[in-house]
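Residue numbers (the numbering used here), protein chains in the order written: chain A, 16 to 308; chain B, 0 to 387. In this text, a Cβ means the ideal position worked out from N, Cα and C, and glycines have one as well.
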Amino acid sequence: MNAIWLFLYLGCLIQLLTLYRLDLNKPATLLVALPILLLPLMDRLGRHLPWLLGKGLVRLAGLLSLLSALGMARILNLGFWETRHLGLGALCALLGLGLLLVVRSMPRESAGPGLWLWIAAWEFTGLWHPVLPLVGAGLSAFLAAFGRWPEGEPLAPSTRRASPFWIMLSLGLVLPKPWFDFNLEGNWAPVMAVFALAVGAAGLSRLRKGLDRLSNALLLILLALAFVAYPSAWALVWSAAVGLLWGTLWLRLPRPLSLPKLSLGFILGLLLSYALHSNLGIPVLRRLLWWGS
Amino acid sequence: MTRWILPYLGAALALLIVGLPLRTRLDAPRLGAPAIVRPGTTFEVEFATSLPFVPWRLAANAVERQWGFRLESGGRHILGHRSQGNRHWITLVDATPVQGAFRLPTDGLEHWGEGTLPDRMVLVHAADFPSTGKEAMLEHFVDEMAVVKPQAFLASGDLAYDSSETWYRFMLGQFRRLEAMGIPVIACPGNHERGGWARFLNHFGPHTTHRVDLGPFRVISLDSAHGRDRLTPSQFQWFRQQLDTLEGRVPLVQLHHPIFPPGAAILGDGEKSGGPLFGYRDGFVKLCLERQIPIVLTGHWHQDAVFDAEGQFRDDRADFPGTKFVVTTALGDALRRVTRWPYRYHGYRILTFEKGKLLRYTHDLPGQPSPTPIASTPSGTWLGEAKP
Numbered sequence: 016m017n018a019i020w021l022f023l024y025l026g027c028l029i030q031l032l033t034l035y036r037l038d039l040n041k042p043a044t045l046l047v048a049l050p051i052l053l054l055p056l057m058d059r060l061g062r063h064l065p066w067l068l069g070k071g072l073v074r075l076a077g078l079l080s081l082l083s084a085l086g087m088a089r090i091l092n093l094g095f096w097e098t099r100h101l102g103l104g105a106l107c108a109l110l111g112l113g114l115l116l117v118v119r120s121m122p123r124e125s126a127g128p129g130l131w132l133w134i135a136a137w138e139f140t141g142l143w144h145p146v147l148p149l150v151g152a153g154l155s156a157f158l159a160a161f162g163r164w165p166e167g168e169p170l171a172p173s174t175r176r177a178s179p180f181w182i183m184l185s186l187g188l189v190l191p192k193p194w195f196d197f198n199l200e201g202n203w204a205p206v207m208a209v210f211a212l213a214v215g216a217a218g219l220s221r222l223r224k225g226l227d228r229l230s231n232a233l234l235l236i237l238l239a240l241a242f243v244a245y246p247s248a249w250a251l252v253w254s255a256a257v258g259l260l261w262g263t264l265w266l267r268l269p270r271p272l273s274l275p276k277l278s279l280g281f282i283l284g285l286l287l288s289y290a291l292h293s294n295l296g297i298p299v300l301r302r303l304l305w306w307g308s
Numbered sequence: 000m001t002r003w004i005l006p007y008l009g010a011a012l013a014l015l016i017v018g019l020p021l022r023t024r025l026d027a028p029r030l031g032a033p034a035i036v037r038p039g040t041t042f043e044v045e046f047a048t049s050l051p052f053v054p055w056r057l058a059a060n061a062v063e064r065q066w067g068f069r070l071e072s073g074g075r076h077i078l079g080h081r082s083q084g085n086r087h088w089i090t091l092v093d094a095t096p097v098q099g100a101f102r103l104p105t106d107g108l109e110h111w112g113e114g115t116l117p118d119r120m121v122l123v124h125a126a127d128f129p130s131t132g133k134e135a136m137l138e139h140f141v142d143e144m145a146v147v148k149p150q151a152f153l154a155s156g157d158l159a160y161d162s163s164e165t166w167y168r169f170m171l172g173q174f175r176r177l178e179a180m181g182i183p184v185i186a187c188p189g190n191h192e193r194g195g196w197a198r199f200l201n202h203f204g205p206h207t208t209h210r211v212d213l214g215p216f217r218v219i220s221l222d223s224a225h226g227r228d229r230l231t232p233s234q235f236q237w238f239r240q241q242l243d244t245l246e247g248r249v250p251l252v253q254l255h256h257p258i259f260p261p262g263a264a265i266l267g268d269g270e271k272s273g274g275p276l277f278g279y280r281d282g283f284v285k286l287c288l289e290r291q292i293p294i295v296l297t298g299h300w301h302q303d304a305v306f307d308a309e310g311q312f313r314d315d316r317a318d319f320p321g322t323k324f325v326v327t328t329a330l331g332d333a334l335r336r337v338t339r340w341p342y343r344y345h346g347y348r349i350l351t352f353e354k355g356k357l358l359r360y361t362h363d364l365p366g367q368p369s370p371t372p373i374a375s376t377p378s379g380t381w382l383g384e385a386k387p
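So, in structure tokens, the structure goes:
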């Protein structure tokens, strides 16, 4: 469920916000950001208030998560998100909080290609409307809360170790390039779907054996290269490569995964990427950021 | 994999809940990006449906019901269709002869019939509109257009400093007035539209870059305000494709941000206007020269300026060779002093073409040589002349 939170919720939400912008002075912004702000407190809350993770409340959270995702998507489908709208902000907050509670209640990590195929399928729906992947997040929360989430095989531990924060930061830097490139055109969605498929493929035993030979440093250098060299016309190939590289690093993260660390790294990476791509006036950056296009 | 059957069934059900009853979004043609076509020439109506994989006839019925027009009405006939996911493109043709320059849209679909356009064509360009409290400025501008009678009005962004629905309703009302005069409006967004981005997209549709073929011209509108002051790789690629398929038309380009910085012509700190095009500037300028684009129209600085392809500020003469990279003063927002050009006034720019060749793009100011370099037309000039 960590991957669902990271890609179908957090990634999709930030992708939407890069499209529509957040006005920091508006109360709706606080609502949208609430699940992310609560994220570092979830472990402590879970310890001090164990009833929060009781079966009944988790089921309610899963249900609310699905209903708010459906509500949000029904309102926004074909339309555009007025991010100052309090009602939409509240729905977004409910979805995030519900999902967060469900993820926290399921410490076991789902693994296997099925999970990444599921993520890829929902990412692809972004081609029809960018809000639809959030429905995937809500539905996953609902299924998990009611015990219907298909558990994958336990992940075979990797001999190498990687830092969750830095791995996610590097992904946050690289992954949004197609969002910035295609913007309102939905073409970023198949690119994200291919990325998810490639992450899943990196876990397949034959491929994993080969990719395991690559050191963390080499993988990070190749990811950094993908940040600089982004061929817009070959974005699908680019995302497959990024998926394989990052998928290999994902398998090396220490388990159990620390969701706050992962999320923080991801968010910082995404924000940094946004800031860099929005400041092309800086001479060196101008040459660097869209190199390959 | 059977474990995943239930989730996928749930996914299909969720998509149905989100998408039913079937709704549509008309993407093209829209106000600001109309389809202007000669009789017998095809054009496409593009729309999206709230559910993917809907048969095109069902989708077409839904778009007609929701938007209140008939795809096949008058002389309009469906020639073909294609679909991809939830996107539909329906090819239409209308062979009805057009009296005069244009047949105006009457049923809400922005389909203009193009008749006989004069050899000498006039286009008007403006940017950086007035805002709430200065509504009269926009009304007067539209009144003035009734005198100038251009063949089209190009609006290069910062149309809505106030992103309220009230302002949008008022501005769109003024655009409709222009249309009623037979003046199609071709618009692109600026940075201020980002303040109420959803509202702009709701009113103008999701294609913020588009092309409109108008007589001998292909008007290409770009969106330079992604992130900040830039084109994106895919947008630049799209721009190149438009230039590759000109079919003998003269390309005209509009975008909000000036292409070049003021450079040595800057006055003080240029009132911190900033905002030249950063991403893809070199490639953009190269393409403009290669494809002999006569003029690139921009705004953003709230003061007139003109540059040549070398990025030199051309306050020496108006008729230099090569592409003119033009900045037009604000139509109504606060004026600034960005460059050494001494004039500051609200205005718009009149472009005169003869058989597609740019003849004039500046306005002669009193006491200045003719043609005066750089200068746009001060607001009210033609309205004043028309008064008895």
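In the structure shown, the three-state DSSP call for Phe161 of chain A is coil.
Taken in chain order, the complete beta strand (DSSP E) segments of 3 or more residues contained in the region 126-162 of chain B are 151-155.
The residue from A:Pro275, A:Val214, A:Ser273, A:Leu186 with its alpha-carbon nearest to that of Ile236 of chain A is A:Leu186. At a cut-off of 4 residues, the continuous stretches assigned as alpha helix (DSSP H) that sit fully inside the region 213-243 of chain B are 232-243.
In the three-state DSSP reduction, Asp58 of chain A falls in the helix class (H, G or I).
The beta carbons of Ser173 of chain A and Arg267 of chain A sit about 5 Å from each other, so the pair counts as a contact at 8 Å. Close to Phe197 of chain A, with beta-carbon spacing below 8 Å, are these residues of chain B in chain order: Thr231, Ser233.
Put simply, the backbone Cα of Pro122 of chain A is about 23 Å away from that of Leu212 of chain A. Lys323 of chain B counts as buried, since no fewer than 16 other beta carbons sit within 10 angstroms of its beta carbon.
Beta-bridge partners assigned by DSSP to Gln253 of chain B: B:Ser220, B:Leu296. Under the Cβ criterion of 8 Å, Arg74 of chain A is not counted among the residues facing chain B. Among the CB atoms of chain A, none fall inside 8 Å of the CB of Pro149 of chain B. The residue from A:Ala160, A:Leu158, A:Ser230, A:Trp137 with its alpha-carbon nearest to that of Leu149 of chain A is A:Trp137. The beta carbons of Val53 of chain B and Ile89 of chain B sit no closer together than 8 Å. Nearest to Ala232 of chain A by alpha-carbon distance, out of A:Leu222, A:Arg175, A:Met16, A:Phe210, is A:Arg175.
Sequence-distant partners of Leu170 of chain A (beyond 5 residues in either direction) whose C-beta falls short of 6 Å from its own C-beta, in its chain, are Ala126. In this structure Val36 of chain B touches Gly112 of chain B by the C-beta definition: roughly 7 Å separates them, less than 8 Å.
The beta-carbon distance between Phe312 of chain B and Thr338 of chain B, rounded to whole angstroms, is 6 Å. This is short enough to meet the 8 Å contact definition.
Contact holds between the region 147-163 of chain A and the region 74-91 of chain A, because three or more Cβ pairs, one in each stretch, are under 8 Å apart. Chain order gives no chain A residues near Thr115 of chain B, where near means a beta carbon separation below 9 Å; the closest approach is about 36 Å.
Between Asp332 of chain B and the set B:Leu116, B:Gly79, B:Tyr347, the nearest pair of CA atoms involves B:Tyr347. In this structure, the CA atom of Ala329 of chain B is about 19 Å from the CA atom of Asp268 of chain B. For Leu56 of chain A, the closest C-alpha among the options A:Ala290, A:Leu287, A:Pro275 is that of A:Pro275.
Neighbours of Glu124 of chain A in chain B, taken as residues whose beta carbon is under 7 Å from its own, are absent, since the nearest beta carbon is some 16 Å off. Collapsing the DSSP output to three states places Phe68 of chain B in coil. Exposure of Ile297 of chain A is indicated by the presence of fewer than 16 other C-beta atoms within 10 angstroms of its C-beta. Shown here for Arg270 of chain A: same chain residues with a beta carbon closer than 8 Å to its own, the five before and five after excluded, namely Glu124, Leu170, Pro172 in chain order. At a cut-off of 8 Å between beta-carbon atoms, Asn92 of chain A makes contact with chain B. In this structure, the alpha-carbon of Pro372 of chain B lies about 23 Å from that of Met144 of chain B. Close to Thr207 of chain B, with beta-carbon spacing below 9 Å, are these residues of chain A in chain order: Asn198, Leu199.
The residues Ile35, Arg248, in chain order, have a CB closer than 7 Å to that of Asp212 of chain B in the same chain once the five nearest residues on each side in sequence are set aside.
Tyr279 of chain B sits in coil when the DSSP states are folded into three classes, being neither helix nor strand. DSSP, read as helix, strand or coil, puts Leu25 of chain B in strand. The beta-carbon distance between Phe210 of chain A and Gly258 of chain A, rounded to whole angstroms, is 4 Å. This is short enough to meet the 8 Å contact definition. If you check each beta-carbon in the region 238-249 of chain B against every beta-carbon of chain A, none falls closer than 9 Å. DSSP places Ile349 of chain B inside the beta strand (DSSP E), whose first and last residues are 346-353.
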